[in-house]
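**Q** The structure is given below, and queries will be raised subsequently.
Residue numbers (this note's numbering): 87 to 564.
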């Protein structure tokens with residue numbers, strides 16, 4: 087038998103996909119005559135082992151059973167979905183009656199798949215020639231719209247969309263605009279438009295109706311089902327995003343034995359390369375995701391020389407003293423990038439502020455990914471594939487990246503300033519005045535001694551001019 091034509095390759099593939107999901111039909115082209123099967127000419131392939139075929143080539147499935155599957159598939163090709171629906175419904179009931187609940191669930195899943203396909207079916211009454219179908223569903227914030235374009239008895243276009251509603255915007259207002267936009271997009275010439283709600287606005291050369299019965303009503307119902315499925319899919323997508331974040335946070339709470347869900351996490355890192363320009367960073371994650379507006383950089387103020395522990399004490403003390411002074415909410419978890427020494431320094435800061443018992447705090451060692459708790463000599467080793475560990479690693483890596491970026495900026499800026507400050511007789515005040523005026527050392531080098539004198543006076547201008555250009559003069563003398 088031959089079936090078709092189909093409005094599109096996608097439509098054809100959708101039907102074939104449905105057939106493969108519902109029935110165990112072979113994909114090979116073997117001649118499965120009784121004689122060939124008895125001579126054992128064929129062996130089952132991978133399709134059998136993965137459950138897509140029941141093995142008629144080795145007579146593991148009888149001819150009658152296989153023909154029954156083919157008969158069911160033909161009904162779907164012809165658009166007669168009621169017989170397959172009844173077939174799977176009966177299967178589900180029979181399996182449930184015999185307490186084969188797993189098989190009953192499989193039959194139910196197939197029934198659901200068939201219903202979903204039917205709601206998007208391309209089979210339409212051939213007498214319906216050229217028509218546009220719209221349906222709209224909405225909640226308080228969003229509207230969900232489906233559009234079907236029917237030509238020559240087939241649905242040739244379908245599209246669903248989500249629209250954020252404006253204040254006090256009605257479904258009628260939204261759908262009126264969508265009808266105009268979609269008809270323009272698809273260059274529709276149809277004069278008949280079907281909807282699920284009445285449209286009072288008069289649109290040029292369009293007759294808008296809400297059918298109550300018949301095939302036109304079925305088209306509107308199909309569009310409504312599409313809108314419902316789309317709304318459900320969008321809701322599930324948003325829910326999955328939230329569920330994933332919640333799942334990771336719940337796992338982290340369980341792994342670290344936290345009293346509260348760590349919705350707000352802060353992580354600290356020091357960047358003290360070659361003992362110069364000590365800085366630190368704090369990154370903040372909210373609901374398991376980076377909240378970059380809450381990130382903070384810290385110049386170390388009270389520590390002289392490379393002292394990571396003292397630096398960690400300073401930045402954690404500054405951070406939480408500020409939050410306490412502002413009566414801001416405290417995080418549910420603090421992560422320190424470093425081992426026990428760094429952790430103990432941060433703990434000391436929290437104790438000084440009197441909030442040690444209010445905020446859980448941990449340290450993560452750099453190499454072995456060990457998690458340290460205050461006053462506990464033994465580290466916790468989380469599963470390397472654990473979502474909890476991956477979140478902590480993400481926090482640590484982000485804090486490290488943020489600190490290194492700031493450190494590089496500071497070193498870069500510092501190298502320019504130092505070139506001025508290294509000139510004997512020139513101090514920070516003079517350097518700042520020059521940089522504020524000319525923006526960079528490179529620009530200062532291009533200025534004449536007279537121009538510099540206008541900013542810092544003749545004596546200092548002469549010192550700066552000769553100090554910055556001494557390398558050029560050496561080259562000239564050579």
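Every residue gets a Cβ at the ideal spot worked out from N, C-alpha and C, and that includes glycine.
#1: Going by C-alpha distance, which of 532, 335, 519, 295 is nearest residue 546?
#2: For the putative contact between residue 386 and residue 366, defined by C-beta atoms under 8 Å, what is the C-beta separation to the nearest angstrom?
#3: Have a look at 263, 305, 312 and flag the residue whose alpha-carbon is nearest the alpha-carbon of residue 70.
#4: Return the CA-CA distance between residue 167 and residue 101, expressed in angstroms with no decimal places.
#5: According to DSSP, simplified to helix, strand and coil, what is residue 287?
#6: Taking the alpha-carbon positions, what's the residue 103 to residue 109 distance?
#7: Am I right that residue 203 and residue 309 are in contact with their C-beta atoms under 8 Å? What's the rounded C-beta distance?
#8: Using three-state DSSP, classify residue 428 as helix, strand or coil.
#9: With burial defined as no fewer than 16 other Cβ atoms inside 10 Å of the residue's Cβ, what is the status of residue 335: buried or exposed?
#10: Quick one: using the 10 Å Cβ neighbour count with 16 as the cut-off for buried, is residue 557 buried or exposed?
#11: With DSSP run on the structure shown, which of helix, strand or coil describes residue 143?
#12: What are the partner residues of residue 186, as DSSP defines its beta bridges?
#13: When burial is assigned at 16 or more other CB atoms within 10 Å of the CB, is residue 184 buried or exposed?
#14: Check whether the Cβ atoms of residue 112 and residue 139 lie closer than 8 Å to each other.
#15: Please classify residue 430 as buried or exposed, where buried requires at least 16 other C-beta atoms within 10 Å of its C-beta.
#16: Count Cβ pairs between the stretch 253-262 and the stretch 270-290 that sit closer than 8 Å; are there 3 or more?
#17: What residue range is occupied by the uninterrupted alpha helix (DSSP H) comprising residue 219?
#18: Which ranges would you report for the alpha helix (DSSP H) in the stretch 305-339 if only whole runs of at least 4 residues count?
#19: Which word fits residue 143, buried or exposed, when buried means at least 16 other C-beta atoms lie within 10 angstroms of its C-beta?
#20: Which value, in whole angstroms, describes the spacing of the CA atoms of residue 273 and residue 372?
#21: Checking the sheet assignment: what are the DSSP bridge partners for residue 384?
#22: What is the DSSP secondary structure of residue 449, reduced to helix, strand or coil?
#23: Please report the distance separating the alpha-carbon of residue 544 from that of residue 530.
#24: Using the Cα positions of residue 337 and residue 200, report the straight-line distance between them to the nearest angstrom.
#25: When the Cβ atoms of the stretch 444-458 are set against those of the stretch 418-428, are three or more pairs found closer than 8 Å?
#26: Is the number of C-beta pairs between the stretch 223-240 and the stretch 310-322 that are closer than 8 Å three or more?
#27: From residue 537 to residue 487, what does the alpha carbon distance come to, in whole angstroms?
#28: Tell me the rounded alpha-carbon separation between residue 269 and residue 293.
#29: Would you report the Cα separation of residue 78 and residue 169, rounded to the nearest angstrom?
#30: Tell me, which residues are paired with residue 243 by DSSP?
#31: Can you tell me the Cα-Cα spacing of residue 175 and residue 194, whole angstroms?
**A** Concretely, from the data shown:
#1: Position 460 of the chain shown, counted from the first residue, corresponds to residue 546. That would be 519, whose Cα lies nearest to the Cα of residue 546.
#2: One-based indexing of the chain shown puts residue 386 at position 300. One-based indexing of the chain shown puts residue 366 at position 280. Yes, residue 386 and residue 366 are in contact; Cβ-Cβ is about 7 Å, under 8 Å.
#3: Outside the shown range of the chain, which is 87 to 564, sits residue 70, and nothing can be said about it.
#4: Numbered from 1 along the chain shown, position 81 holds the residue referred to as residue 167. Numbered from 1 along the chain shown, position 15 holds the residue referred to as residue 101. Whole-angstrom Cα-Cα distance: 12 Å.
#5: For the purposes of this step, residue 287 is taken as the residue at position 201 of the chain shown. Residue 287 falls in the coil class under three-state DSSP.
#6: Walking along the chain shown from the start, residue 103 turns up at place 17. Walking along the chain shown from the start, residue 109 turns up at place 23. Straight-line Cα distance between these residues: approximately 10 Å.
#7: Locating residue 203 in the chain shown gives position 117, where the first residue counts as 1. Locating residue 309 in the chain shown gives position 223, where the first residue counts as 1. Wrong, their Cβ atoms sit about 15 Å apart, outside the cutoff.
#8: Against the chain shown, residue 428 aligns to sequence position 342. Helix, per DSSP.
#9: Numbered from its first residue, the chain shown carries residue 335 at position 249. Classification of residue 335: buried, given that the 10 Å Cβ count is 16 or more.
#10: The residue you call residue 557 lines up with position 471 of the chain shown. The predicted position of residue 557 is uncertain, since its pLDDT is 49 and thus under 50; a value taken from the coordinates is nonetheless stated next. Flag for residue 557 reads exposed.
#11: Reading the chain shown from its first residue, position 57 is the one you call residue 143. Note: residue 143 maps to helix in three-state DSSP.
#12: Within the chain shown, numbered from 1, the residue matching residue 186 stands at position 100. Answer by DSSP bridge pairing: none, since residue 186 is not bridged.
#13: Here residue 184 corresponds to residue number 98 of the chain shown, with the count starting at 1. It is exposed - the Cβ of residue 184 has fewer than 16 other Cβ atoms within 10 Å.
#14: Mapped onto the chain shown, residue 112 falls at position 26. Mapped onto the chain shown, residue 139 falls at position 53. A contact, by the Cβ cut-off of 8 Å.
#15: Residue 430 sits at position 344 when you count from the first residue of the chain shown. Answer is buried; the Cβ neighbour count reaches 16.
#16: yes
#17: Sequence index remark: in the chain shown, residue 219 carries index 133 (1-based). Not the alpha helix (DSSP H): residue 219 falls in the beta strand (DSSP E), residues 216-224.
#18: none
#19: Here residue 143 refers to the residue found at position 57 of the chain shown. That one is buried.
#20: Here residue 273 corresponds to residue number 187 of the chain shown, with the count starting at 1. Here residue 372 corresponds to residue number 286 of the chain shown, with the count starting at 1. For residue 273 and residue 372, the distance between alpha carbons rounds to 46 Å.
#21: Your numbering for residue 384 matches position 298 in the chain shown. According to DSSP, residue 384 bridges with 366.
#22: In the chain shown, counting from the first residue as 1, residue 449 sits at position 363. Of the three classes helix, strand and coil, the one that applies to residue 449 here is strand, per DSSP.
#23: Position 458 of the chain shown, counting from 1, holds the residue named residue 544. Position 444 of the chain shown, counting from 1, holds the residue named residue 530. Roughly 15 Å between the two C-alpha positions.
#24: In the chain shown, residue 337 corresponds to position 251, counting from 1. In the chain shown, residue 200 corresponds to position 114, counting from 1. Rounded to whole angstroms, residue 337 to residue 200 spans 37 Å at the Cα level.
#25: yes
#26: yes
#27: By one-based count along the chain shown, residue 537 stands at place 451. By one-based count along the chain shown, residue 487 stands at place 401. Looking at the two C-alpha atoms, the distance is approximately 41 Å.
#28: What you label residue 269 is simply residue 183 of the chain shown in a count that begins at 1. What you label residue 293 is simply residue 207 of the chain shown in a count that begins at 1. Their backbone Cα atoms lie some 13 Å apart in a straight line.
#29: Missing from the structure shown is residue 78; the chain here goes from 87 to 564 and no further.
#30: Translated into positions along the chain shown, residue 243 becomes position 157. Paired residue(s): 235.
#31: As a working note, residue 175 is residue 89 in the chain shown. As a working note, residue 194 is residue 108 in the chain shown. For residue 175 and residue 194, the distance between alpha carbons rounds to 7 Å.
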